[in-house]
Amino acid sequence: MFSVSNLDKNMRNDRYNAREAEPKWRKIWDDKELFRTRNDDLRPKYYVLEMFPYPSGRIHMGHVRNYAMGDVVARYKRARGFNVLHPMGWDAFGMPAENAAMQNKTHPAAWTYANIDSMRAQLKSMGLSLDWHREIATCDPSYYRHQQAMFLDFLSKGLVERKVSKVNWDPEDQTVLANEQVIDGRGWRSGALVEQKELTQWFMKITDFAEDLNSALDRLERWPEKVRTMQRNWIGRSEGLMLRWALDAAGAPAGFTELEVYTTRPDTLFGASFMAVAPDHPLAKAVAAHNPLLAVFCDECRRMGTSAATVETAEKKGFNTGVKVVHPFDPSWHLPVYVANFVLMDYGTGAIFGCPAHDQRDLDFANAYQLPVHPVVMPKGEDSLAYTLANKDRMKVALDGDGVMINSRFLDGMDTAAAFNAVANRLAAESMGGAPVAKRKVNFRLRDWGISRQRYWGCPIPIIHCEVCGVVPVPKKDLPVILPEDVTFDKPGNPLDHQAKWKHCPCPQCGKPARRETDTMDTFMDSSWYFARFTDPWNVDSPTTPAAVNHWLPVDQYIGGIEHAILHLLYSRFFTRGMSQTGHAALDEPFDGLFTQGMVVHETYKIPSGEWVTPAEIRIEGSATSRRAFRIADNVELEIGDIEKMSKSRKNVVDPDDIIETYGADTARWFMLSDSPPERDVNWTEDGVQGAARFVQRIWRITGEVADLGRKERDVPFGDDSITVRRAAHKALASVTEDVERLRFNRCVAHVYELSNVISGVLAKGAQSDDMIAALREAATILVQLLTPMMPHLAEECWEVLRNSGLAAQAQWPGVDKTLLVEDSITYPVQVNGKKRADITVSRTAERGDIENIVRENEQILRALEGRAIKKIIVVPLRIVNVVG
RNA sequence: GCCCCUGUGGCGGAACUGGUAGACGCGACCGACUCAAAAUCGGUUUCCGCAAGGAGUGCUGGUUCGAUUCCGGCCAGGGGCACCA
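In short: position in the first sequence from 1, add 47, done, that's the numbering used here.
Given below as structure tokens:
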């Protein structure tokens, strides 16, 4: 009988124990303050940042993926000699803390800080090379006091405005939402149908920068094209014409003499057949005042709302006001003015001219109300008379593209662009009431950013309302305006509104009783400048320190989810411009390089009745082609569902803590980086994790074996047999270097596998020459260095086993021996008419003629030619030979 | 409706600027070690074919000595925006 305990012990000894090794190395890094970054370090700077998390309580796999990627970049750049800034903080204000407060009777602050503590511990267990000395939480007065100061600076520069406006009201969260936070007519957080409400709100004047935010996108070359396109669409720049139409005096309401519209298609002016204004347009209101039927119609339109669902199904509806306008090019041509449900008050002037032939909505409207359709643009190459006759009465589909002008008097024969200019120029020269009839105008879809939120857990807006003095900014010396702690959450609405002691205060100007602004700021304000705060989070007097902020910014590499393509990234670009105008930074674009990583997805499981089951509760049986899933607890067979984003609702979540506990942080990091390209979704599978865990052990064995191969230092030159090993190492080094630079982590992983395959292949053959041992030692050391950014704990352990000095985390990135990348002989694939028929190996220095001669005599080539004569031989140096026959 | 992206083995995916399609991993299969299993090691794995050979990167046409890569037309999947005049 053999001893089980002995066997056990042996097993353990030749296995890498992540659970013991990982905390050990983390402590060593901590003790040496390896990742503490100094602002006065003279080496070139590199700022790598991952989007900071919301402290929900637990980190999820998406965080693991995001932070693993950022950490690879940080560790790699450090090894390349950069002074790397890699900080972490907490996006700590927001609704969930208040919801938790209501449910569990805890205070939002207590809930938030407890979550921060547990998530910090989780992040630390990942072995991230973060500078924790710079940790910030946006809910801390030491952070938000500066945000309040900047709010006041923005206000004095005219970048903040208070105005009455129709707002998106989330009835569930009882708060206002920005346009960007309304998705398909629903609140981005609550999912409740958003209502329209009139409120006095604070706005950030992001539209002041619309032009620049749009044009600067062209210069953000290290941003994904997709994100730039999304922002461009969101900003929605269009070039058009502000065009004034005179009203026919007969039927015009008192005080109205003209109607101004915005159009991007002045070229289609001769195709106009009606005018339409929004239900809230002043003209509509004026007519409705004396026309109860119209008043009813306008009310109906308002109730309909603008959610995507209603818009898609809504019919075009209108109401003829009886008012008429005069065509700018023909005093005898009068057009009716309708109030229409599809015209928006907050874009352009809230009024349009309708050209049914060339706008689908106008066509739908014209068809519903029997209005004329005049085609004025036809596709190039058509006959104008035939085209007009064919489309005159009723078209089904409007032609909205470019073409040639017809039926348009002086525009006939011009192309669309020329007609646009001709109309614009002519009407700009004509005057009506002392002003030009039309002028060119660039318009944007972007709206100002409403930041008032009727919530407790946010940054207080530092404003006091006084009955005598009006809106009074809190003097800077009184900042921060601190959130009161004793609040209750048992009534609906904003708890700050019910906190009388805090709400009532003396007016800073006249000293009379006044009340505080009880709205707090949108939490996207908090995340719009945190990257700047990290550069000097210790400054108590001001948000930033010029030397630090201008040294570190822009962020060289920003990494986060695509879901922030518009909201956070657009707000941050705006805010940085605002900081620039108020002297808090000296740049416009905060993020030089942006990378948007894919999601972590997982298979879903549910019992046939419909209840979802977590991966931890299930057991899989069968092969890849016939897999079956069972719930462990009761052996109920489960349906295997789609692979979807990990979410609580589908219960297809894997807890990073469990993975780190079972396999170690390195395995989790390695798997997150392997397999899928980082911008795509990665499918978390048990097999994949086990593969990563196997590789950890394999690296451990390989380095151990190499370390045990003789201990002699080499004193003879490398021989031929060892050069393949050294070549493989340096090739892997060159490839990994290039791929880390381009964030192609999945390819880095593949190169590391290749190198480890070469090393273990040689080890298996048992080569023991001094030469080979030295080559293997060199290759293994390079292998460990390539691994260091990805699996930092394992790398330290192997580094030590290989008896290298210092720490792997501190080692310089090795230099590529370029002479090893050049091979003496080249193997050319030889094609005949594009199909590969043979390989020939020639010296690197072989001339074109030599190669041709070898090819002409090659038996396989001659056979493939089947007797045909060689017409031509194409030799692409170092690549391929193609014989044309 | 408009805009964008993606289609490659059983699966995730490689292929530099037009130059050997399928690197690397997962899975599967065969073998070694083991009483056995796990772990580990070696091998095979695009399809058809015993082989020689042939076919093959969503479909289709083109450019080229040569196309996964470039161009035209379709098809499918995903994403973004959406009465924005």
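Virtual Cβ for every residue (Gly too), placed ideally from N, Cα, C.
| Item | Value |
| --- | --- |
| Nearest to Arg903 by alpha carbon, out of Leu925, Asp544, Ser890, Gly932? | Gly932 |
| Is the beta carbon of Thr159 sitting closer than 8 Å to the one on Cys186? | yes |
| Return helix, strand or coil for Asn57, following the three-state DSSP convention. | Any answer about Asn57 is weak, because its pLDDT of 35 lies below 50 and its placement is not dependable; what the coordinates show is given next. Helix at Asn57. |
| When DSSP labels each residue in this structure, what does Gln556 get in the three-state scheme? | coil |
| To the nearest angstrom, how far is it from the Cα of Arg83 to the Cα of His133? | 9 Å |
| Tell me, please, which residues DSSP counts as bridged to Tyr394. | Answer by DSSP bridge pairing: none, since Tyr394 is not bridged. |
| Please identify the residue among Gly540, Asp537, Gln556, Pro560 whose C-alpha is closest to the C-alpha of Lys548. | Pro560 |
| With H, G and I counted as helix, E and B as strand and the rest as coil, what does DSSP make of Val930? | strand |
| Secondary structure at Ser63, three-state DSSP: helix, strand or coil? | Note on identity: in this sequence residue 63 is Tyr, with Ser being the wrong assignment. Three-state DSSP puts Tyr63 in coil, outside helix and strand. |
| With distances taken Cα to Cα, identify the nearest neighbour of Trp270 among Ala466, Glu145, Leu616. | Leu616 |
| Entirely within the segment 288-362 and at least 4 residues each: give me those alpha helix (DSSP H) ranges in chain order. | 329-335, 339-351, 355-360 |
| Classify Arg761 as helix, strand or coil using the three-state DSSP reduction. | Low local confidence applies: a pLDDT of 43 at Arg761 is under 50, so the model's placement there is unreliable, with the coordinate-based value given in what follows. Arg761 falls in the coil class under three-state DSSP. |
| Quick check on DSSP: helix, strand or coil for Arg456? | helix |
| Between which two residues does the alpha helix (DSSP H) holding Ile45 run? | Here the chain comprises residues numbered 48 to 932, so residue 45 is not present and cannot be evaluated. |
| To which residues of the same chain is Ile106 closer than 6 Å at the C-beta, ignoring the five residues directly before and after it? | Met166, Gln169, Pro703 |
| Please go through the same chain and pick out, in chain order, the residues whose beta-carbon is closer than 8 Å to the beta-carbon of Arg761, but skip the five residues on each side of it. | Because the pLDDT at Arg761 is just 43, under 50, the model does not fix this residue reliably, and the point stays unresolved. |
| Quick one: is Lys759 buried, meaning 16 or more other Cβ sit within 10 Å of its Cβ, or exposed? | Here Lys759 scores only 46 on pLDDT, less than 50, and its place in the model should not be relied on; the value that follows carries that caveat. Exposed, because fewer than 16 other Cβ atoms sit within 10 Å of the Cβ of Lys759. |
| Would you mind sorting Ser455 into buried or exposed? The rule is 16 or more other CB atoms within 10 Å of its CB. | buried |
| Could you pull out every residue in the same chain whose Cβ sits closer than 6 Å to the Cβ of Asp88, ignoring the five residues on either side in sequence? | Asn130 |
| Determine the burial state of Trp496: buried for a count of at least 16 other Cβ atoms within 10 Å of its Cβ, exposed for fewer. | buried |
| For the candidate residues Lys812, Phe578, Arg850, whose alpha-carbon lies nearest to that of Glu825? | Arg850 |
| When you compare the CB positions of Ile163 and Trp179, do they come within less than 8 Å of one another, or not? | no |
| Relative to the C-alpha of Phe389, which residue among His374, Ala413, Ala404 is closest? | Ala413 |
| Within its chain, find whatever has a CB closer than 6 Å to the CB of His649; leave out the 5 residues flanking it on each side and keep chain order. | Met693, Asn699, Trp731 |
| Given Ile690, which residues of its chain have a CB within under 8 Å of its CB, disregarding the five upstream and five downstream residues? | Val648, His649, Glu650, Thr651, Asn730 |
| Can you grab the Cα-Cα spacing for the pair Ala715 / Asp447, in whole Å? | 53 Å |
| Only counting runs of 4 or more residues, tell me where the alpha helix (DSSP H) segments fall wholly within the segment 578-631, in order along the chain. | 593-599, 614-628 |
| Identify whether Thr153 lies in helix, strand or coil by the three-state DSSP scheme. | coil |
| What's the C-alpha gap between Ile927 and Val877? | 6 Å |
| Can you list, in chain order, the residues of its chain whose CB lies under 8 Å from that of Ala579, leaving out five sequence neighbours each side? | Pro590, Thr591, Val596, Leu600, Thr623, Met626, His631, Ala632, Pro637 |
| Looking only at its chain, what residues have a beta carbon closer than 6 Å to the beta carbon of Ala916, apart from the 5 residues adjacent to it on each side? | none |
| Kindly list the residues whose CB is nearer than 6 Å to the CB of Val863, restricted to its own chain and excluding five residues on each side of it in sequence; keep chain order. | His777, Leu780, Ala781 |
| Between the Cα of Lys92 and the Cα atoms of Gly283, Arg284, Ala323, Gln604, which residue gives the shortest distance? | Gln604 |
| Measure the CB-CB distance between Lys371 and Gly302 and report whether it falls below 8 Å. | no |
| Distance check for Met568 and Asp217, CA to CA, integer angstroms please. | 16 Å |
| In the DSSP output, which residue or residues are listed as bridge partners for Leu240? | Arg233 |
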